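Chains as they are written, first to last, in our numbering: chain A, 33 to 218; chain B, 54 to 343. One structure below.
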Amino acid sequence: MSQPLDERVRAEMVALLPRLRRFARGLAGAADQADDLVQAACERAIARIDQWTPGTRLDSWMFRIVQTIWLDERRAAKVRTGEGRIDAAEAAEPELSVNGIRQMEAHLTYDAVRRVIAKLPEEQRLVIMLVCVEGQTYKEAADSLGIPIGTVMSRLARARTSLTKALGETGSGNIIRFDERKSGDA
Amino acid sequence: MSRVDDVMLMAYVDGEMDAATAREIETALAGDPALMLRVQQLRDGAMMARGAFAEVLHEPVPERLIAALGGPAASAKADTGTTRGDNVVPLKRSTSWLPRRSAIGWAAAASVAALVIGYGAGEMRPQFGFGDLGLGGGLQNASSNRWLDNVAAYYHVYQNSLANKDKLLVDFTASDVPELEKWFGAKLNRKLEVPNLTSKGLTTQGGRLVIINDKPAAQFLYSSDKGELVELVIAFTDQPYQPEQITRKGDVNIVHWRDNGYAYAFAGNMDASRLQAIADSVWRDLERAS
Numbered sequence: 033m034s035q036p037l038d039e040r041v042r043a044e045m046v047a048l049l050p051r052l053r054r055f056a057r058g059l060a061g062a063a064d065q066a067d068d069l070v071q072a073a074c075e076r077a078i079a080r081i082d083q084w085t086p087g088t089r090l091d092s093w094m095f096r097i098v099q100t101i102w103l104d105e106r107r108a109a110k111v112r113t114g115e116g117r118i119d120a121a122e123a124a125e126p127e128l129s130v131n132g133i134r135q136m137e138a139h140l141t142y143d144a145v146r147r148v149i150a151k152l153p154e155e156q157r158l159v160i161m162l163v164c165v166e167g168q169t170y171k172e173a174a175d176s177l178g179i180p181i182g183t184v185m186s187r188l189a190r191a192r193t194s195l196t197k198a199l200g201e202t203g204s205g206n207i208i209r210f211d212e213r214k215s216g217d218a
Numbered sequence: 054m055s056r057v058d059d060v061m062l063m064a065y066v067d068g069e070m071d072a073a074t075a076r077e078i079e080t081a082l083a084g085d086p087a088l089m090l091r092v093q094q095l096r097d098g099a100m101m102a103r104g105a106f107a108e109v110l111h112e113p114v115p116e117r118l119i120a121a122l123g124g125p126a127a128s129a130k131a132d133t134g135t136t137r138g139d140n141v142v143p144l145k146r147s148t149s150w151l152p153r154r155s156a157i158g159w160a161a162a163a164s165v166a167a168l169v170i171g172y173g174a175g176e177m178r179p180q181f182g183f184g185d186l187g188l189g190g191g192l193q194n195a196s197s198n199r200w201l202d203n204v205a206a207y208y209h210v211y212q213n214s215l216a217n218k219d220k221l222l223v224d225f226t227a228s229d230v231p232e233l234e235k236w237f238g239a240k241l242n243r244k245l246e247v248p249n250l251t252s253k254g255l256t257t258q259g260g261r262l263v264i265i266n267d268k269p270a271a272q273f274l275y276s277s278d279k280g281e282l283v284e285l286v287i288a289f290t291d292q293p294y295q296p297e298q299i300t301r302k303g304d305v306n307i308v309h310w311r312d313n314g315y316a317y318a319f320a321g322n323m324d325a326s327r328l329q330a331i332a333d334s335v336w337r338d339l340e341r342a343s
């Protein structure tokens, strides 16, 4: 560590942990792997705190660290398993149900969404997590990923098309429209 | 506009279009049920993605992560309020929430507070439904959205004040936004940035203190030159996460959701589609600031 960590910065980092865990869960899938990812990101952030410029957004910086570590790990895994091969974790992923009749409870529907996102190509998974889940603007996501806004948009569009299609196939596409819900069921 | 493609619809849904293009898309949507369906699918997909990972925010944070930041594990709860599974920000029992800023602030807040106290004490059954709140019920009743009656009522209070050219419309005017953020942030025990909706054609008018379920809540007000009037209400809640829903109360549409100990309502006298698109933008701004 090249400079002592300001306690306020540390507190801000701690406060970011729930969001970092959510982001990592979307990328890594399993909770343990996601937390491993967040832990690695925290350790790297502490070690490289001098690379963060006070006054700039700490959350964006830490999200970038998470995604960088995740992408590095994924690339390394591909090298280990052979380029183009489906890794064991993906191969073991159960197929989505195609029973369009079954009425899914909300948690099952969310489970389906998580499965769909886990199956998306890495670059699409990143943009859907950054924009749809984390609420970043296209520009913020583009800056974070180091790609043009147009690329963010095309990746995001593909991801959302896959999501819509998969949810339709599982019957989850028939989610209740907001204007059809009763106001008292919140 | 010659043709609206999927990427444009997505950008519209995500609030990434400038106001003029968004209006063109809305015009195209009005005459095309297929496009409307696709817009709804895109919104549903985004909200499902958001909802699918929302619970993670409510999980206890493993101590090893806090330790990785070099801090005592015990500090996390105080910093986040979410690290031990107790993800709801504790409701403050303090009675010191009345504004201490200015005579105008006092007068406006007192007038609203008096309205609520008079009704909220249960002595009367007002037409706005304030009497349904107040005494320990309100938001604690998970099966009820009666607090939205309040949201609609406060909307009408402001609407009527505006129509009467009442000078005590807001506790804080748009020129006071930094102070407004600081003041309401303290009252709501959170970081707060007043969403800027200029790109949606809506100008910030200011903020008022209102009372939801006996607790201070923030009401931020916006208007457009087309006569649109919008309010954002942020209140405490002890209810769990709830994705966006839309409810109509009289002539007011309300997009509402709950997240991390707060209930949000975004209400306006505009069509549900436009309101929902703006609400998505508001959600993103609030998420970013929190």
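Where a beta carbon is used, it is the ideal one built from N, C-alpha and C, also for glycine. From a predicted model like this one, the values you see are computed outputs, not experimental measurements.
{"Query": "Assuming B:T257 contacts B:A227 under a Cβ cut-off of 8 Å, what Cβ separation, rounded to an integer in Å, is found between them?", "Result": "4 Å"}
{"Query": "Can you check whether the C-beta of B:M71 is within less than 9 Å of a C-beta belonging to chain A?", "Result": "Residue identity differs from the one stated: residue 71 of chain B is Asp in this sequence, not Met. For B:D71, the answer is no, since every Cβ of chain A falls outside 9 Å of its Cβ."}
{"Query": "For A:A60 versus A:L69, is the C-beta distance shorter than 9 Å?", "Result": "yes"}
{"Query": "Give me the chain B residues within the contact set of A:V165, using Cβ-Cβ distance strictly less than 7 Å, ordered along the chain.", "Result": "A102, R103 and F106"}
{"Query": "Between B:V109 and A:R53, what straight-line distance do the alpha-carbon atoms span, to the nearest angstrom?", "Result": "7 Å"}
{"Query": "Let's test the definition: count the other Cβ atoms within 10 Å of the Cβ of A:A79 and tell me whether it reaches 16, buried, or not, exposed.", "Result": "exposed"}
{"Query": "Counting only beta-carbon separations shorter than 9 Å, does A:A62 have a partner in chain B?", "Result": "no"}
{"Query": "Can you pull out the residues from the stretch 78 to 111 of chain A whose beta carbon lies closer than 7 Å to at least one beta carbon of chain B?", "Result": "I78"}
{"Query": "Here's the rule: buried if 16 or more other CB atoms are within 10 angstroms of the residue's CB, otherwise exposed. What is B:R103?", "Result": "buried"}
{"Query": "Taking 9 Å as the threshold (beta carbon to beta carbon), is A:S176 in contact with chain B?", "Result": "no"}
{"Query": "Between which two residues does the alpha helix (DSSP H) harbouring B:F319 extend?", "Result": "Looking at the DSSP string, B:F319 is not in any alpha helix (DSSP H); the run it does join, the beta strand (DSSP E), is Y315 to G321."}
{"Query": "Name, please, each residue of chain A whose Cβ falls closer than 8 Å to the Cβ of B:I119.", "Result": "V46 and L49"}
{"Query": "Does any residue of chain A have a CB that is nearer than 9 Å to the CB of B:M63?", "Result": "yes"}
{"Query": "Nearest by alpha-carbon distance to A:I179: which of A:E44, A:V165 and A:L158 is it?", "Result": "A:L158"}
{"Query": "If you count every other CB in all the chains shown that lies within 10 Å of the CB of B:A332, and 16 or more means buried, which is it?", "Result": "buried"}
{"Query": "So which residues of chain A does B:W336 contact, with C-beta pairs closer than 7 Å?", "Result": "G167"}
{"Query": "Using DSSP's beta-bridge definition, name the partner residues of B:A288.", "Result": "B:A316"}
{"Query": "Here's the rule I'm using: 16 or more other beta-carbon atoms within 10 Å means buried, otherwise exposed. How should A:G87 be labelled?", "Result": "exposed"}
{"Query": "In whole angstroms, what separates the C-alpha of B:N322 from that of B:Q272?", "Result": "16 Å"}
{"Query": "Go through the stretch 153 to 195 of chain A residue by residue and report every complete run of the beta strand (DSSP E) that reaches 3 residues or more, in order.", "Result": "none"}
{"Query": "For a cutoff of 9 Å on Cβ pairs, would you count B:P115 as touching chain A?", "Result": "yes"}
{"Query": "Can you name the residues of chain A whose CB is closer than 9 Å to the CB of B:L255?", "Result": "Here the premise fails: no neighbours, minimum Cβ distance about 18 Å."}
{"Query": "In the structure shown, what three-state DSSP assignment does B:V114 receive?", "Result": "coil"}
{"Query": "Which same chain residues, not among the five before or five after B:L245, have their C-beta less than 6 Å away from its C-beta?", "Result": "E234, F237 and G238"}
{"Query": "Looking at B:I299 and B:A205, is the spacing between their C-beta atoms short of 9 Å?", "Result": "no"}
{"Query": "Against chain A, with Cβ distances strictly below 9 Å, would B:G260 count as a contact?", "Result": "no"}
{"Query": "In this structure, how does DSSP classify B:Y275 when only helix, strand and coil are distinguished?", "Result": "strand"}
{"Query": "Any beta carbon of chain B sitting closer than 9 Å to that of A:D5?", "Result": "The structure shown does not extend to residue 5 of chain A, since chain A spans only 33 to 218, so no value can be given for it."}
{"Query": "Is the Cβ-Cβ distance between A:W102 and A:W93 less than 9 Å?", "Result": "no"}
{"Query": "Rounded to whole angstroms, what is the Cα-Cα separation between B:D58 and B:G254?", "Result": "24 Å"}
{"Query": "Rounded to whole angstroms, how far is the Cβ of B:I119 from the Cβ of A:V46, which I believe are closer than 8 Å?", "Result": "6 Å"}
{"Query": "Chain A beta carbons: is any one of them nearer than 9 Å to that of B:D324?", "Result": "no"}
{"Query": "DSSP beta-bridge partners for B:L262?", "Result": "B:A271"}
{"Query": "Please check if any C-beta of chain A sits within less than 9 Å of the C-beta of B:D267.", "Result": "no"}
{"Query": "Starting from B:Q298, trace the beta strand (DSSP E) both ways and give me its first and last residue.", "Result": "Q295 to K302"}
{"Query": "Have a look at B:N242, B:K240, B:L241 and B:V263 and flag the residue whose alpha-carbon is nearest the alpha-carbon of B:H209.", "Result": "B:V263"}
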